[in-house]
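Presented below is the structure to which this report refers.
In the working numbering, the protein residues as written are 160 to 547.
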């Protein structure tokens, strides 16, 4: 630097003098806007540098500010998500409470309209097996629940109590493969037996192929099993087709359409006005059995069955036994002594078949003696038809 100044000393002095002179002129001279040239030059020279510095500052500090704002927004977003999740849970809880209230209201209305004496219960557990079709309710023997009592909802049959404990009971669902109950259709009045299949359908068995059952027809309990009162809905028919021996009818359980949470245990059943068959299933001594369902007078008059609260229900086996007894007495044959066999194809006299006695419940029926045998009738030997 010293060498440069020493070499170009005169030129350097000249440049400095010229620059000083220009500065002095700029301080003295003004433009048309009455602004000194020194100010114009200074502002013009400083402005680009200030713009660059301001851009650097804005970008640097602005980026930092935006970063902190993003951190704050992120924290607010997390808090809002927590609030939304909490509100969703509260909304779901309120929906469940509203649905429960509606179910309880519907159940209370059903209890008021239904003549059966029922007890409300809540399902508290299910069986441990993979294909288990049993549940546990929070009502037991201390509340009056006994083995064999039906379990229902306002929509239909749920199952029956298979074990009663002091504080809870075990209920076999209607879909269990070992479950069965007598049913009757609401339109064609066809009787059958509903059996669980281990899935979401029931098979209505023992209905002849010649009988008509339509899809959409609803089956109700018939009371034949003396466990379920007549008139409880079981479900609508989903499939009805011809089978090998009997019709293949599949029913969707109506009680399971909206889930199971609250149920009703039928403590005392009352039969509804639905026609039932004459055959009844046997009930074990440890199970609670209902009284026989009443017989419709019109149906009884058409079939010849007796009516009244103390009627006796003869089965096909009873009628066949009465016929064999009448033929034996009519032809003078005594069964069991190894003697001759009566002619089972012979016609029976009009007064030979014993009438089915009508006895009050709990009393032994009085046997009506058959009419005397028709004289002159011979009894050919040989077994009855169908006996090898």
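Yeah, the Cβ is synthetic: ideal placement off N, Cα and C, and Gly gets one too.
- One Cα belongs to residue 284, the other to residue 262, and the distance between them is close to 19 Å.
- Taking C-beta atoms as the reference points, residue 395 and residue 411 count as a pair closer than 8 Å.
- As the crow flies, the alpha-carbon of residue 245 is around 50 Å from that of residue 373.
- Between residue 357 and residue 350, the C-beta gap is not smaller than 8 Å, which leaves the two residues out of contact.
- In this structure residue 327 is not in contact with residue 364, their Cβ atoms being roughly 32 Å apart against a cut-off of 8 Å.
- The residues 265, 266, 269, in chain order, have a CB closer than 7 Å to that of residue 313 in the same chain once the five nearest residues on each side in sequence are set aside.
- Sequence-distant Cβ neighbours of residue 501 in its own chain, meaning closer than 6 Å and more than five residues away, are 486, 487, 490, 492, 538.
- Along the region 253-307, the alpha helix (DSSP H) does not occur as any fully enclosed run of 4 or more residues.
- Residue 398 has its alpha-carbon roughly 10 Å from the corresponding atom of residue 360.
- Shown here, residue 399 sits in a strand according to DSSP, grouped into three states.
- Looking at 377, 430, 484, the one whose alpha-carbon comes closest to that of residue 309 is 430.
- For the options 362, 206, 233, the alpha carbon positioned closest to that of residue 378 is the one of 362.
- In the three-state reduction of the DSSP assignment, residue 231 falls in the helix class, which pools H, G and I.
- The straight-line gap separating the alpha-carbon atoms of residue 391 and residue 249 is approximately 37 Å.
- Annotation for residue 386: no beta strand (DSSP E) segment contains it, and DSSP assigns it neither H nor E.
- Residue 304 places its beta carbon 8 Å or farther from that of residue 319.
- The DSSP assignment places no complete run of the alpha helix (DSSP H) inside the region 295-383 (cut-off: 4 residues).
- With contacts defined by Cβ atoms closer than 8 Å, residue 316 and residue 380 form a contacting pair.
- Between residue 338 and residue 348 the beta-carbon gap is near 23 Å, outside 8 Å, which marks them as no contact.
- Straight-line spacing of the CA atoms in residue 273 and residue 293 works out to 25 Å.
- When the Cα atoms are used, residue 478 and residue 503 turn out to be separated by approximately 14 Å.
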